[in-house]
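Data block below; observations after.
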Amino acid sequence: MTTATPPLKPITEDFKEAVAFALSQHEAARAFVAEVVEGGLRNVFLVGCGGSLTASYPVHFLLETRAGFPVFHMNSDEFNLRKPALLGEGSLVLVSSHTGTTKETVAAAHYAKSTGAKVAALTRDDDSPLAQAADIAFTYRSEDTVVAPKGVLFGQLAYALLEKTGVEGDYAAIRKAYEALPDALYTAQEEGEALAHSIATALADEPVTYVLSAGPNYGAGYGFTMCYLMEMQWKHGGSYHAGEFFHGAFEVVTEDQPVILFLGEDATRPMAERTRRFLDKYTRKAHYVDSRIFSLPGVPEELRGDITPIALDVFGTRLARHYESVRGHDLDKRRYMFQVEY
2 MTTATPPLKP ITEDFKEAVA FALSQHEAAR AFVAEVVEGG LRNVFLVGCG GSLTASYPVH
62 FLLETRAGFP VFHMNSDEFN LRKPALLGEG SLVLVSSHTG TTKETVAAAH YAKSTGAKVA
122 ALTRDDDSPL AQAADIAFTY RSEDTVVAPK GVLFGQLAYA LLEKTGVEGD YAAIRKAYEA
182 LPDALYTAQE EGEALAHSIA TALADEPVTY VLSAGPNYGA GYGFTMCYLM EMQWKHGGSY
242 HAGEFFHGAF EVVTEDQPVI LFLGEDATRP MAERTRRFLD KYTRKAHYVD SRIFSLPGVP
302 EELRGDITPI ALDVFGTRLA RHYESVRGHD LDKRRYMFQV EY
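Read in order, the letters of the sequence shown are residues 2 to 343 in my numbering.
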């Protein structure tokens, strides 16, 4: 049940600054990627835990769709235990942790380097254990603005890889779109406030909420469910792939079952639209987060599908703030994380 209605916290003050700082590392990303590719790139691994893993879903999709090299995506501890056979010289491992102290991820960086792989860290500060374990660190220097700059850092590395390996693309246009992101993503948060408030108000006291998403937007849905609903609001939630939904999970839908569906503007949108048609018919508690509500000034229409996964992820951070305000449950409150041994 709701316990209080504290004021809604504003969009983070350093939002534009943090995104701009991430953008300022573009040339460093290109130089590092050039060195890796010229040294003989064989494959790429995207490694992290929790929100740092979900942040790499968009570039996993991007690289698997367009790159001529294999791309692997996995939890840090599984990476350490699985010991991928293809990991070694010629591998590039992108490891991410906000604090740079996540023990599994720091261990993953050390393990990757021991195999001869090149390691790039994406983290808050350049003096963290993760940054020190990597060959290079890309940072955003903010405690409060995390999702957007991390998405930018991942994207810059991914596009640098595509360009350097000879994949056709209008990289000047992509760069121009990225340079618009400090303002565009800030505006997207403003444009999403009414929707975020309506969802949080409607679902604040619901016992279970299911969240659906697909393609490069899967991380936005999964991250919102696990990191915000479950970790930061202590609410029961389940995240499912919008395509997989029809192969089992949809059987729990009733007219009173709350569902949040994220829809992007990439090639997988038809899956999400199919899911929306089903939800429109079988539940009266469906809520849709469609990236088309974001104007994204400075982002060309043909590139929106590449940018909207970041916008949806950023929307999730504001939706969490609205839950916090409506429910009176501080996003920083924890039972176990950083409180006990685990």
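Backbone N, C-alpha and C fix where the C-beta goes; we use that ideal spot for every residue, glycine too.
- Close CB contacts of D333 within its chain, under the 8 angstroms cut and outside five residues either way in sequence, are with M233 (chain order).
- For A86, the secondary structure class from DSSP, reduced to helix, strand or coil, is coil.
- By alpha-carbon distance to L42, the top candidate from Y223, P71, R275 is P71.
- Assignment of M227 by DSSP, reduced to helix, strand and coil, places it in the helix class.
- Counting only residues of its own chain and dropping the five nearest sequence neighbours on each side, A185 has a CB closer than 7 angstroms to the CB of L297, P298, G299, V300.
- Here H248 is exposed: its Cβ has fewer than 16 other Cβ atoms, across all protein chains shown, within 10 Å.
- Going by beta carbons, L280 and L304 fall outside the 8 angstroms limit.
- Three or more Cβ pairs closer than 8 angstroms define a contact, and the segment 40-54 falls short of that threshold against the segment 200-208.
- Around the beta carbon of S326, 16 or more other beta carbons sit within 10 angstroms, so the residue counts as buried.
- Counting along the chain, the unbroken beta strand (DSSP E) around L123 starts and ends at 119-124.
- Excluding the 5 residues flanking it on each side, V209 has same chain C-beta neighbours closer than 6 angstroms at H237, in chain order.
- Taking the C-beta atoms as reference points, F155 is found no nearer than 8 angstroms to A86.
- Within its own chain, the residues whose Cβ lies closer than 7 angstroms to the Cβ of G117, once the five positions on either side in sequence are excluded, are G89, E90, listed in chain order.
- Setting aside the 5 residues that flank it on each side, C228 is surrounded in the same chain by G51, G52, each with a C-beta closer than 7 angstroms to its C-beta; the list follows chain order.
- DSSP lists H74, L95 as the bridge partner or partners of L47.
- D267 and T309 have their alpha carbons spaced roughly 8 angstroms apart.
- Membership of L24 in the alpha helix (DSSP H) is indicated by the continuous run 16-24.
- For F73, same chain residues with a beta-carbon under 8 angstroms away, outside a window of 5 residues either side, are N44, V45, F46, L47, P85, L87 in chain order.
- In the three-state DSSP reduction, V212 falls in the strand class (E or B).
- Beyond the five residues adjoining it in sequence on each side, G306 comes within less than 6 angstroms, by CB distance, of E266, D267 in the same chain, given in chain order.
- When rounded, the separation of the alpha-carbon atoms in T13 and I311 is 16 angstroms.
- A contact between stretches requires three or more CB pairs, one per stretch, nearer than 8 angstroms, and the segment 138-158 meets this requirement with the segment 24-36.
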